[in-house]
Every structure is written in C-alpha cells, then in structure tokens.
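Participant: With the sequence shown counted from 1, adding 3 to any position gets you the numbering used here.
Note that the Cβ used here is the ideal one computed from N, Cα and C, for glycine as well.
Input: one structure, supplied below.
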Amino acid sequence: MSFDTIDTGHDVQVLPVSHPLQEGRTSASPLITTYQGVRGDVTPVWFMRQAGRSLPEYRELRVGTEMLDACLNSELASEITLQPVRRHGVDAAIFFSDIVVPMKLAGVDVSIVPGKGPVLGHPVRTARDVRDLPTLDEAVLAPISEAVALTVAALGDTPLIGFAGAPFTLAAYLVEGGPSKDHLAARTLMHSDPAAWAELMQWTATITGAFLRAQILAGASAAQLFDSWAGALSLADYTSKVAPASALALSRVHGLTYTATGANVNVGTASNSRAAAADEQLPTERAVPIVHFGVGTGELLKAMHDVGADVVGIDYRIPLDEASRRLGGSVTLQGNIDPALLAAPWPVLEAHVLDVLDRGKAAPAHVLNLGHGVPPETDPAVLTRLVDFVHSQPAGS
Ligand code: CP3
Numbered sequence: 004m005s006f007d008t009i010d011t012g013h014d015v016q017v018l019p020v021s022h023p024l025q026e027g028r029t030s031a032s033p034l035i036t037t038y039q040g041v042r043g044d045v046t047p048v049w050f051m052r053q054a055g056r057s058l059p060e061y062r063e064l065r066v067g068t069e070m071l072d073a074c075l076n077s078e079l080a081s082e083i084t085l086q087p088v089r090r091h092g093v094d095a096a097i098f099f100s101d102i103v104v105p106m107k108l109a110g111v112d113v114s115i116v117p118g119k120g121p122v123l124g125h126p127v128r129t130a131r132d133v134r135d136l137p138t139l140d141e142a143v144l145a146p147i148s149e150a151v152a153l154t155v156a157a158l159g160d161t162p163l164i165g166f167a168g169a170p171f172t173l174a175a176y177l178v179e180g181g182p183s184k185d186h187l188a189a190r191t192l193m194h195s196d197p198a199a200w201a202e203l204m205q206w207t208a209t210i211t212g213a214f215l216r217a218q219i220l221a222g223a224s225a226a227q228l229f230d231s232w233a234g235a236l237s238l239a240d241y242t243s244k245v246a247p248a249s250a251l252a253l254s255r256v257h258g259l260t261y262t263a264t265g266a267n268v269n270v271g272t273a274s275n276s277r278a279a280a281a282d283e284q285l286p287t288e289r290a291v292p293i294v295h296f297g298v299g300t301g302e303l304l305k306a307m308h309d310v311g312a313d314v315v316g317i318d319y320r321i322p323l324d325e326a327s328r329r330l331g332g333s334v335t336l337q338g339n340i341d342p343a344l345l346a347a348p349w350p351v352l353e354a355h356v357l358d359v360l361d362r363g364k365a366a367p368a369h370v371l372n373l374g375h376g377v378p379p380e381t382d383p384a385v386l387t388r389l390v391d392f393v394h395s396q397p398a399g400s
C-alpha cells in the first residue's frame with residue numbers, strides 16, 4: 004500500500020502567533036523539552052485517561068450526558084480536560100474527546116456504549132461499504148477547535164496534548180462493528196480485498212489527520228497518535244498494510260512549525276541548567292512533538308517510530324530499557340507503569356515507579372505515564388501522590 008501520489012505540501016504552515024508554542028508559554032515546559040529529547044531535572048508525568056471515571060467531579064458532570072455529546076460540547080469538553088490538571092498537578096492536559104469523534108462528525112453512525120466502547124450502526128465489510136463512507140467537511144471540526152481554544156486559554160503554561168486514533172485502530176472498530184479481542188474481521192479484509200483495505204485506510208487517515216491538525220492549529224502543543232490495537236498485527240502486515248496510512252495521517256501535522264525566539268530559545272531556568280545547555284543544540288525552527296502509542300506492540304516499536312513519531316509510548320509489557328534497546332537507544336520514551344499496580348499497596352507501587360524511572364534512563368529522555376489508561380476504579384488520591392513522588396525524584400541519568 005502506498006500513498007505516494009498524495010501531495011501533502013500544502014500542509015506546511017507556521018503556527019499562529021497566538022499559539023502557546025509560538026508565544027513561548029509552553030515551548031520551555033518540562034513536557035515539550037523532554038519530548039524534544041532534552042533530559043531536564045524532573046521527569047514530566049501525565050496519565051492516559053487521566054480525565055474520566057476515576058474522578059468524582061467527572062462523574063458528576065457527565066450525569067445525563069452521553070459520552071459523544073459531552074465530547075461535542077466545547078465548554079464541557081474543556082472543563083473535563085482541565086479537571087485532572089487542577090487535581091493532580093500533572094505536566095500536561097490531554098484533550099477530552101474520543102478517537103471515534105471524527106467518524107461521528109463525518110456522519111458515521113457510531114455511539115459509545117458505557118462499559119463496552121465504540122459501537123457502529125453498520126459495520127464496514129465490503130468494497131461497497133468503504134465507497135459509501137461519507138466525506139469529512141473540515142468545517143464540522145469547529146466544536147473541536149473551539150474546545151481546544153477554551154482549554155489552552157485556561158491552561159497557562161501547561162501544554163495541551165492533542166490526540167487521534169491511528170487509521171488501523173479506527174478501521175478495526177469500523178470493520179468489526181465494535182470492540183474485538185483479536186480484530187479477525189479487519190485482518191481478514193486487509194488480505195481478502197487489499198484494494199478496499201487501502202481505500203479504507205486512506206479514509207481513516209484523512210479524517211483522523213484532519214482531527215489532529217485542527218487540535219494543533221487551535222492551540223495543542225503536542226500530539227499523540229493512539230494505535231491501541233496495532234499489537235494484533237504481525238510486523239509484516241503492520242509495515243505493508245498499516246504504516247503508510249499512519250504516516251499519511253501524521254503528515255497533516257508534520258508541517259506545523261514554530262520559531263523559538265528570545266526567552267524560548269533557552270528552555271528552563273538557572274535551576275534547570277542541563278536543559279538550557281542542551282537546548283542550545285535544538286534548532287530555533289521546531290516541529291510540534293508527536294508521540295505514537297500502542298498496546299502489545301513490542302515487536303513493532305521501530306516501525307511505529309519510523310512512521311514519523313518523535314516519541315514512542317510503551318505499554319506495561321516491555322521494560323523501558325529493553326524498549327530503548329529495540330529503538331537503537333536514540334528515541335525519547337513515554338511510559339510505562341502497569342495500571343494494575345495503581346491498586347496495590349503504596350510501597351509496591353513506589354518500588355515499581357522507581358524501577359520504571361531507572362529503566363527510563365536508558366533512553367535519551369523519558370516522560371512518565373501508565374502502560375495503558377487509568378482504570379475507572381482507581382483512587383484519584385493515588386494518582387496525585389504519584390505525581391508528587393515522581394516530581395521529587397531527580398531525572399538526571
Ligand atoms: O484522558 C484522556 O486520556 C483523554 C480522553 C480519551 C478518551 N478516549 C475519553 C474516553 C482518549 C485519549 C481516548 C482515546 C480512545 N478511545 C482510545 C485510545 C486509547 C486507549 O484506551 O487505547 C480508544 C481505543 C478509544 C475507544 C473507547 N472509547 C473505548 C475502548 C472506551 C471505553 C468504554 C468504557 O466505557 O469502558 C471509550 C469511552 C471513553 N473514552 C471514556 C472516556 C473518558 C469512558 C466513557 C465514560 O466515562 O462514560
């Protein structure tokens with residue numbers, strides 16, 4: 004599969020002057036400089052699914068509102084995004100939305116069933132189904148841009164991470180019609196009708212790339228592509244049938260740049276001299292950092308980096324030093340606390356976190372996160388304590 008004929012040149016654009024990276028509000032933050040490969044004094048930390056059911060204030064706000072309606076209500080989405088930043092003091096917000104939002108905005112019949120996940124009205128199984136998928140008019144992304152703008156105005160110098168689902172993970176829901184363990188129907192289609200598969204991947208790449216680009220243009224300072232279910236694939240299938248579509252989606256944000264000038268050129272403060280010194284080696288013309296994450300993707304790490312990511316997110320199955328080795332020792336990592344240990348006694352969790360931080364030193368730089376999302380039953384006080392603990396630990400190698 005190849006999308007060589009697609010011209011992405013028109014996507015090269017300098018971010019608006021009011022963008023937090025361009026203004027310098029977030030460009031020297033621990034998260035952004037660490038994503039750019041500079042190890043500072045402290046390890047930045049945020050949690051996948053930090054916004055959501057683990058927070059009583061979230062559960063209260065969501066009463067009577069369906070998940071996708073909450074995502075499309077700009078004020079509600081913004082407030083939910085801010086909740087974990089206020090409560091835990093994490094180093095980043097992640098935009099409250101869902102990977103299926105761009106499908107919904109394009110007109111696909113999709114809903115999110117509590118306790119289950121995305122469910123499609125009509126699974127996409129044939130070439131005809133693929134041809135019938137609606138075109139996304141980018142104007143419908145306005146509620147997303149509005150929610151992002153509201154959020155970054157409230158966040159000050161804390162960066163917002165924009166995100167999108169990778170084409171394969173979206174296609175897995177479309178073809179299966181809902182959540183699936185092994186994604187058999189999607190894996191069958193990619194081999195039984197390669198042309199329909201390529202067209203489906205191009206469609207998902209287009210809508211998800213537009214969703215991600217809209218978030219960055221509206222003020223997000225980094226991007227994370229979730230290929231949650233890519234771990235179901237062999238390396239050969241991932242490389243030939245999926246990676247080109249992920250690269251196409253990311254090409255929509257690769258061309259978005261900002262200029263680090265004045266105070267932005269020197270990240271950090273006098274107390275963060277290592278970061279400031281290292282920053283001198285960074286170019287002043289910089290790209291928005293991109294993280295790529297998947298579950299059970301230990302065999303795919305290099306291929307996932309090669310689609311155009313700066314940082315690779317590692318799940319809890321593989322230690323960070325081994326992940327770094329597989330990536331040639333030169334790639335910034337994010338991860339990988341086992342979410343199961345959030346419910347363990349504190350000394351057990353603390354020992355695990357120290358081990359993760361220690362193994363993370365094998366990589367050039369490391370952002371602490373979980374190896375997958377926060378389980379809904381997590382005690383939020385544990386997450387707050389974890390943030391304080393990580394911030395109390397020296398990050399230097
Ligand atoms: O804090 C954050 O991480 C930001 C918000 C976010 C959500 N979904 C909110 C959400 C993000 C980044 C996602 C991405 C997402 N959605 C992924 C990729 C990440 C991953 O988990 O691997 C996937 C696979 C989905 C699809 C999806 N949406 C699932 C499997 C579910 C769970 C269904 C359930 O009820 O257990 C959802 C719903 C969803 N997305 C919730 C939240 C907060 C729960 C809905 C609720 O609270 O009612």
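For the alpha helix (DSSP H) containing Glu202, list its first residue and its last residue.
Facilitator: Pro197 to Ala221
Participant: Please tell me whether, using a cut-off of 6 Å, the distance from the CB of Arg255 to the nearest non-hydrogen atom of ligand 1 is below it.
Facilitator: Shortest gap from the CB of Arg255 to any heavy atom of ligand 1: 6 Å or more.
Participant: Can you determine whether any heavy atom of ligand 1 sits closer than 6 Å to the C-beta of Ile115, and answer yes or no?
Facilitator: yes
Participant: Smallest Cα separation from Trp349: which of Phe392, Leu34, Ala250 and Asp185?
Facilitator: Phe392
Participant: Counting only beta-carbon atoms, is Thr211 nearer than 7 Å to chain B?
Facilitator: As a matter of chain content, chain B is missing from the structure shown, which is built from one protein chain.
Participant: Could you check the C-alpha separation between Leu303 and Gly40 for me, to the nearest Å?
Facilitator: Going from the Cα of Leu303 to the Cα of Gly40 covers about 21 Å.
Participant: So, at 6 Å on beta carbons, what are the nonlocal neighbours of Val155 in its own chain, with the 5 sequence-adjacent residues on each side left out?
Facilitator: Taken in chain order, the residues that qualify are Pro23, Leu163 and Gly222.
Participant: Using CA coordinates, which residue listed in Gly168, Thr260 and Asp341 is at the minimum distance from Glu26?
Facilitator: Thr260
Participant: Is Arg65 helix, strand or coil by DSSP?
Facilitator: Here Arg65 sits in helix by DSSP.
Participant: Per DSSP, what are the beta-bridge partners of Val45 in this structure?
Facilitator: Pro397
Participant: Using DSSP's beta-bridge definition, name the partner residues of Phe99.
Facilitator: For Phe99, which the question treats as bridged, DSSP gives no partner whatsoever.
Participant: Is there contact between the region 330 to 343 and the region 296 to 311, where contact requires at least three CB pairs shorter than 8 Å?
Facilitator: yes
Participant: Does the beta-carbon of Gly135 have 16 or more other beta-carbons within 10 angstroms, so that it is buried, or is it exposed?
Facilitator: The residue asked about is misnamed: residue 135 is Asp in this sequence, not Gly. Under this definition Asp135 is an exposed residue.
Participant: Indicate, with yes or no, if ligand 1 has a heavy atom lying under 6 Å from the CB of Asp135.
Facilitator: no
Participant: Starting from the C-beta of Glu149, find all residues in its chain whose C-beta is less than 7 Å away, skip the five residues before and the five after it, and write them out in chain order.
Facilitator: Ser77
Participant: Can you name, in chain order, every residue of its own chain whose Cβ lies under 8 Å from the Cβ of Thr68, other than the five neighbours on each side?
Facilitator: Asn76 and Leu79
Participant: Kindly indicate which three-state DSSP category Ala167 falls into: helix, strand or coil?
Facilitator: Three-state DSSP puts Ala167 in a strand.
Participant: Is it buried or exposed for Ala368, if we count other Cβ within 10 angstroms and need 16 for buried?
Facilitator: Burial check for Ala368: the Cβ neighbour count within 10 Å reaches 16 or more, so the residue is buried.
Participant: The alpha helix (DSSP H) spanning Gly363 covers which residue range?
Facilitator: First-last of the alpha helix (DSSP H) with Gly363: Trp349 to Gly363.
Participant: I need the boundaries of the beta strand (DSSP E) containing Ala225, first residue and last residue.
Facilitator: Ala225 to Phe229 is the extent of the beta strand (DSSP E) around Ala225.
Participant: Leu259 lies in the alpha helix (DSSP H); which residues open and close that run?
Facilitator: That residue, Leu259, is in no alpha helix (DSSP H); its beta strand (DSSP E) goes Leu259 to Thr262.
Participant: For Leu123 versus Ala169, is the C-beta distance shorter than 7 Å?
Facilitator: No, the pair does not count as a contact, with Cβ atoms beyond the cut-off.
Participant: Quick check: Ala252 and Ala208, are their CB atoms within less than 7 Å of each other?
Facilitator: yes
Participant: Can you find the residues in the same chain that come closer than 6 Å, C-beta to C-beta, to Ala290, ignoring five residues on each side of it along the sequence?
Facilitator: Thr260
Participant: Return yes when the Cβ of Arg52 is within less than 7 Å of the Cβ of Val377, no when it is not.
Facilitator: yes
Participant: Would you identify the three-state DSSP class for Ser114, choosing helix, strand or coil?
Facilitator: strand
Participant: In its own chain, which residues sit with a C-beta less than 7 Å from the C-beta of Ile321, not counting the 5 before and 5 after it?
Facilitator: Gly301
Participant: Let me check understanding here. Comparing Cα to Cα, which of His91, Val104, Gly181 and Glu82 lies closest to Pro121?
Facilitator: When His91, Val104, Gly181 and Glu82 are compared, the shortest CA-CA separation from Pro121 is found for Gly181.
Participant: Since Ala217 and Leu108 are thought to touch, with beta carbons under 8 Å apart, how far apart are those beta carbons, to the nearest angstrom?
Facilitator: Contact flag wrong, Cβ pair sits at about 10 Å.
Participant: Quick check on Gly297: buried or exposed, where buried means 16 or more other Cβ atoms within 10 Å of its Cβ?
Facilitator: buried
Participant: Tell me whether Val294 is buried or exposed, calling it buried when 16 or more other Cβ atoms sit within 10 Å of its Cβ.
Facilitator: buried
Participant: Could you tell me whether the Cβ atoms of Val448 and Val390 are closer together than 7 Å?
Facilitator: Here the chain comprises residues numbered 4 to 400, so residue 448 is not present and cannot be evaluated.
Participant: In the DSSP assignment, what are the bridge partners of Leu373?
Facilitator: Ile340
Participant: Verify whether the separation of the beta carbon atoms of Leu336 and Arg362 is less than 7 Å.
Facilitator: No, Cβ-Cβ distance for Leu336 and Arg362 is not below 7 Å.
Participant: Is the distance from the Cβ of Pro292 to the Cβ of Asp313 below 7 Å?
Facilitator: yes
Participant: In chain order, what residues of the same chain have a beta carbon less than 7 Å from the beta carbon of Glu288, not counting five sequence neighbours either side?
Facilitator: Beyond the five residues adjoining it in sequence on each side, Glu288 comes within less than 7 Å, by CB distance, of Thr260 and Thr262 in the same chain, given in chain order.
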